[in-house]
Amino acid sequence: MNKPGATTKKLVIKNFKSKPNLPENYQETTWSKLREAVIAIQTSKAIAYSLEELYQAVENMCSHKMASQLYVNLTNLVEAHVKSNIEQFLSESMDRQVFLKRMDDCWRAHCRQMIMIRSIFLYLDRTYVLQNPSIHSIWDMGLDLFRHHIAMNTLIQTRTVDGLLTLIERERGGDAVDISLLKSLLRMLSDLQIYQDAFEHKFLQATERLYCAEGQRLMRELAVPQYLAHVEKRLREENERLLHYLDPCTKWQLIHTVERQLLSEHVSGVLSKGLESLMDGPRLRDLATLYSLFSRVKDGLTELCNHFNAYIKKKGRTIVIEPERDKTMVAELLEFKEQLDNVVSTCFQRNDRFLYSMREAFEHFINQRQNKPAELIAKFVDLKLRAGNKEATEEELERLLDKIMVLFRFIHGKDVFEAFYKKDLAKRLLVGKSASVDAEKSMLSKLKQECGGGFTCKLEGMFKDMELSKDINITYKQMASQLYVNLTNLVEAHVKSNIEQFLSESMDRQVFLKRMDDCWRAHCRQMIMIRSIFLYLDRTYVLQNPSIHSIWDMGLDLFRHHIAMNTLIQTRTVDGLLTLIERERGGDAVDISLLKSLLRMLSDLQIYQDAFEHKFLQATERLYCAEGQRLMRELAVPQYLAHVEKRLREENERLLHYLDPCTKWQLIHTVERQLLSEHVSGVLSKGLESLMDGPRLRDLATLYSLFSRVKDGLTELCNHFNAYIKKKGRTIVIEPERDKTMVAELLEFKEQLDNVVSTCFQRNDRFLYSMREAFEHFINQRQNKPAELIAKFVDLKLRAGNKEATEEELERLLDKIMVLFRFIHGKDVFEAFYKKDLAKRLLHLSATSEGGGLELSVYILTMGFWPTYAAVDVRLPGELTRHQEHFAKFYLAKHSGRKLQWQATLGHCVLRAHFTQGNKELQVSLFQALVLLLFNDGDNLSFEDIKTATNIEEGELRRTLQSLACGKARVLMKTPRGRDVQDRDHFAFNGDFTNKLFRIKINQIQMKETSEEQKATEERVFQDRQYQIDAAIVRVMKMRKALSHNLLISELYNQLKFPVKPGDLKKRIESLIDRDYMERDKDNPNQYNYVA
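In terms of full-length UniProt numbering, the sequence shown opens at residue 1 and continues consecutively.
So this is what it looks like as structure tokens:
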């Protein structure tokens, strides 16, 4: 800012007095600097000079006319660097991916270098190059050199393009590739202006080959909807490639190639294979896709339109041409047309070509069957315009008529339509069955608009005739009205004159009823005659006036009003009828025809329900209420049920003979309520148990039949039936003294119940389920014992010595036992005892000794499958020991790594014995055989001698000797005699032994199963259950990871198949926590976490 009063000075710039001169070697020195800077840029090294200094040097050289030489020097320097980069791309062993990466790096480096070089030589680029149009700019010069020496090199270009095509092929196949590398190299080809010549043609050829093969393959493999979705996906992918890395100039040819190979080549195939199924759906989304894709290819929509037309003709012809579809033809055509309209509108964008094609196809097929469609359309219109048609509102009917008119336009035989429509219209108008005059006139208006006034003139004439007839009838009705009034007055006067005869109070009730019946019958005869005279009046005037009674109804109305509705007359009539019915129910003989006639009179006069029915039902209720209470005290249940059946039968007969059918439900319901519903619990408590104990099948069937008639009757019966089963079943199961017969009693009880349910209860599912639930309840009241006894019962029946039943009977018995087995919870207990008994039945180790020879038969038992047996060490004869050793060597040689353990307690033998009266075969256990074989070497042996020689356990030896010397077959003699075996007893062979059989089986005396053995079996079951509980807990926790205590217990109850107490489950959970399978949650002690 100037100070106030100061003068302004002017700045003057003067020219140099003389032009500055450059040093003598300036050009060489300066170029050397510039050359050094360019080389530093090309080798990615630091530039020794500042860019400002270098820029100033270029400017000085250009100002002193050295620009031409500077440009040439720079071009040569850049060209030399570009040539030096060629060598790295000529190695044939280089991987294709590495090659492309190296090419990309080289190109990016070249671009960066040229940008830096241009910034230094910018003054040269903006002066000398601009002043010489024939010279490339520095950037273009760099591109031209890279293109000429590297990009246009045949080998380098081929490998680059092939590598790019491979990457694109992999990317199309779904592999992950380096998109940025693709984009960079394709941008390089575009920048070098060789994209189209070097790459595009080959790329389009590869694309064509790929999609040609893919189109042919997928047309065979995929359904049309999936194929169209695939084509859409491929087009979308190619557009994304154009967006991400391909040059935009490729777009038209690329998309056109894809469309040609995936669509144009398969237009007919796609339409032939899939259009019909798409239209039948209709699958709107897929049809829209089809239209969208076919609109992209030449003649695609034309082919689609032709196939669309053919489909309509084919399907439409099947609707029209088959006579059995005549009833639904028009409805199907309307539905078909609506479906096609929806397709054309939603999927085909309301294309005029498709709209015209659809109309042409409809007109073609609908006239394939001459005249019939026109007839059926007329009848369909008649059906919809009838008065009884309540399917649609007026608006819906109007829309339906518009749709029918569309079909009408297509038919050629419009005269046929007119003939049938005219006939049906006549019926509707004459009978008064037209739904709506407005709808009729609307239809007539539509026909007139469509076909002209000549087509509808006769139809309009029909409407005019109806209006004219209406006016004529009004005049006629005025005369008929007066005649009807006069007749009514005359009949009314006659009816009133009959009232007096019923008003005498001293008249006997029977006489009153007889006089009433005579009066009624006379009135009916009179009205029939009068109606026959005035029949024309009845059929014209009365019919045309719905508010007026017919002559017959007028007579009934007058009789009802003046006689039947008279309070005194009605009361005496009804009381008389009730008295007659009461006497008839009590067994007296009454006039049934009089009852029937008077009750029919009340029905015809429409006062039956108001005047009679209510009082009759009240009297019935009082009668059966008192009777039910009295008979429940006096009669046994079977007699009471028989009485109820009898009463119901009698009431049904009354309904058949004289009561009105409308009374049936209430009458029968009243009887059932008073005799059954009120006494359901009493009948069941008093008599069900005795009926079941019989069982009295006929009475039980009657009980079921009657109780099925009343509300909750079967429910109560089912509950008492369930309680009876539980009570009786518990007495069988719970008492230890009945253990021997428990299973047999249960089978007999189950068979009895099955018979009752099948014969008496009609195999009602509710009773079957209740029976099963009751059985399952009581049979598990005594834990484990029923399972054990069932197993032992099966063993008893399956033993070889059991000859009680044939195989068929045994099979049926086993089926019944399996029914009991399903009810028990402790199936593992059953399995343990059954397994033990099965082992005894199956195992039979036999040794036959004859003349010094011995035959050995061995069962090989897998230890885990069979019960556990204690090992017993006994002394076997030498020959038997040698056979054992020989078999062991044979088996172990065949199965290495296994171990044999001999179970002497399970062995059995057959011995040949010589007695005075002949030879016998003795079938004995191994222990019995060992004892008997000792007597080959000595005739008299003491107990101690036998014990020492055999090494059999003392208790087992005593039982063995007892079976041989004290049983039925005494092959040994004991001294002294007695039932028990003592330590000092001696034994001798009984040579005089006799028996009529040749082979004699000597049974080993079985020691009864001790409580210890039973506890051992139960302990094994308990231990197995512990393992199952542990496994179930771990399985649940492993799946759920974390769970509360209550949810875990609930889940375990669902999984475990045997009864278990919550306390036992808690102990197993604690055990698993101690063993680190799970742990308590630190924040919530009631929650457990699984420990992996």
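A virtual CB, placed ideally from N, CA and C, is assigned to each residue, including glycine.
At what residues does the beta strand (DSSP E) containing residue i begin and finish?
i	result
MET1078	1078-1080
MET152	Where MET152 is concerned, there is no enclosing beta strand (DSSP E), given that its DSSP letter is neither H nor E.
MET973	972-975
GLN1004	Counting along the chain, GLN1004 falls outside any beta strand (DSSP E), and DSSP gives it neither H nor E.
Which residue comes first and which comes last in the alpha helix (DSSP H) that contains residue i?
i	result
ASN73	67-84
ILE39	26-42
ASN764	First-last for ASN764: undefined, no H or E at that position.
LEU961	954-965
ALA1042	Looking at the DSSP string, ALA1042 is not in any alpha helix (DSSP H); the run it does join, the beta strand (DSSP E), is 1042-1044.
HIS307	300-321
CYS249	Neither: CYS249 is in no alpha helix (DSSP H) and is coded neither H nor E.
ASP125	122-126
LYS750	742-759
LYS233	224-244
VAL58	51-63
SER277	267-280
GLY215	201-221
residue 1123	Lying before the first or after the last residue shown, residue 1123 is absent from the chain, which here runs from 1 to 1092.
Between residue i and residue j, is the Cβ-Cβ spacing less than 8 Å?
i	j	result
ALA57	THR75	no
TYR658	LYS596	yes
GLN752	PRO695	yes
ILE377	PHE408	yes
ILE734	ILE790	no
PHE420	GLU450	no
ASN306	ALA361	no
PHE778	LYS840	no
GLU208	THR160	no
LEU631	HIS643	yes
LEU287	VAL343	yes
ASN990	LEU972	yes
PHE294	LEU263	yes
LYS974	PHE993	no
GLU398	SER434	no
GLY215	GLN157	no
ILE150	ARG118	no
PRO661	ASP699	no
ARG515	GLN526	no
GLU953	VAL872	yes
ASN780	VAL829	no
ASP197	LEU143	no
What are the residues that DSSP puts in a beta bridge with residue i?
i	result
TYR1090	MET1078
GLU921	ARG912 and ARG999
residue 1137	Residue 1137 falls outside the range modelled here, since the chain spans only 1 to 1092, and no answer is possible.
ALA636	DSSP lists no partner for ALA636.
ASN940	ALA988
ARG386	SER434
Using a Cβ-Cβ distance cut-off of 8 Å, determine whether residue i contacts chain C.
i	result
CYS111	This model lacks chain C altogether; it includes just one protein chain.
List in chain order: all unbroken alpha helix (DSSP H) runs of 4+ residues lying wholly within the stretch 798-829.
Runs found: 807-823.
Flag this pair as touching only if the stretch 927-934 and the stretch 950-967 have three or more C-beta atom pairs under 8 Å; answer yes or no.
Yes, they touch.
Runs of 4 residues minimum, wholly inside the stretch 688-717: which ones carry the alpha helix (DSSP H) assignment?
Listed in chain order, they are 697-707.
Whether or not the stretch 596-612 and the stretch 676-696 are in contact is what I'm after, with contact meaning three or more pairs of Cβ atoms, one per stretch, closer than 8 Å; do they touch?
no
Note down, one range per segment and in chain order, each alpha helix (DSSP H) of at least 4 residues found wholly within the stretch 348-375.
352-366
Decide if the stretch 293-303 is in contact with the stretch 329-340; the criterion is three or more beta carbon pairs, one per stretch, under 8 Å apart.
At 8 Å Cβ cutoff, the stretches do not touch.
Count Cβ pairs between the stretch 716-731 and the stretch 657-675 that sit closer than 8 Å; are there 3 or more?
no
Are three or more beta carbon pairs between the stretch 59-76 and the stretch 128-135 nearer than 8 Å?
Taking a cut-off of 8 Å on C-beta distances, the stretch 59-76 touches the stretch 128-135, as three or more cross pairs fall below it.
Quick one: complete alpha helix (DSSP H) runs, 4+ long, within the stretch 595-657?
614-634 and 637-657
What residue ranges within the stretch 452-520 form continuous beta strand (DSSP E) runs of no fewer than 3 residues, ordered along the chain?
none
Below 8 Å, can you find three or more Cβ-Cβ pairs linking the stretch 702-711 to the stretch 736-751?
no
Any chance the stretch 1069-1080 sits against the stretch 1030-1047, with 3 or more Cβ pairs inside 8 Å?
Short answer: they touch.
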